[in-house]
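Visitor:
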Amino acid sequence: MQYKFILLLSSAFLFGCGDNNSTPDFKVNATTATNFPYTLKNQPAVSVAIKQDGDNFCEVTLFRNNVREGYSATLSQKSSGELSSSCYWKGAYFTQSSKHPTIAQITVESLDEKTQTAVLKTTLKLVNNKTLKDYFELKDIQFSISGDQYVNLTTMPSN
Numbered sequence: 002m003q004y005k006f007i008l009l010l011s012s013a014f015l016f017g018c019g020d021n022n023s024t025p026d027f028k029v030n031a032t033t034a035t036n037f038p039y040t041l042k043n044q045p046a047v048s049v050a051i052k053q054d055g056d057n058f059c060e061v062t063l064f065r066n067n068v069r070e071g072y073s074a075t076l077s078q079k080s081s082g083e084l085s086s087s088c089y090w091k092g093a094y095f096t097q098s099s100k101h102p103t104i105a106q107i108t109v110e111s112l113d114e115k116t117q118t119a120v121l122k123t124t125l126k127l128v129n130n131k132t133l134k135d136y137f138e139l140k141d142i143q144f145s146i147s148g149d150q151y152v153n154l155t156t157m158p159s160n
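Right, dumping it as structure tokens:
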């Protein structure tokens, strides 16, 4: 009898606890950075979008003064802080939450003024804002922002 219980318990660890995670085959086909005055918690901010297409994309917003090489921030199970993130995927909206096991992380890996290229990396686990039980995850997605979008990322827009 004890062996059946141990086997059953082991199976639960192998298959997880049944949460509804969606780890899509997300392909970054375009990246943008906002080029207009934008704020987060009343501070200048920039929103970076990684897009598979016009209907499937994620946005991460960070304070403009944090756009510097080596900057990294993580919010775990918080809905506000120095980052804000959301994703639209297959018609559903996913967001951060203080009441659910969500994660938003971004790292500015490099900024090259000469080539006007930034390399960033993000990890997201966001909850569906309607079901509050389905999750969307991206793990260690590295992407670059260059040209005019690099200027948008690194330059404070005029009012």
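Under our numbering, the letters of the sequence shown match residues 2 to 160, in that order.
The C-beta atom is built at its ideal place from N, Cα and C for all residues, glycine as well.
(1) Comparing alpha-carbon positions, which option in TYR151, GLU70, GLN97 and MET157 lies nearest THR32?
(2) Runs of 3 residues minimum, wholly inside the stretch 130–157: which ones carry the beta strand (DSSP E) assignment?
(3) I need the DSSP call for ASN36, collapsed to helix, strand or coil.
(4) Just how far apart, CA to CA, sit SER111 and ALA93?
(5) Just how far apart, CA to CA, sit LEU133 and THR116?
(6) Check whether the Cβ atoms of ILE104 and SER77 lie closer than 7 Å to each other.
Guide: If we stick to the structure as given:
(1) For THR32, the nearest C-alpha among the options comes from TYR151.
(2) For the stretch 130–157, whole beta strand (DSSP E) runs of length 3 or above, ordered along the chain, are 135–147.
(3) Here ASN36 sits in coil by DSSP.
(4) Each residue's Cα considered, the two are about 32 Å apart.
(5) Put simply, the backbone Cα of LEU133 is about 42 Å away from that of THR116.
(6) Going by C-beta atoms, ILE104 is nearer than 7 Å to SER77.
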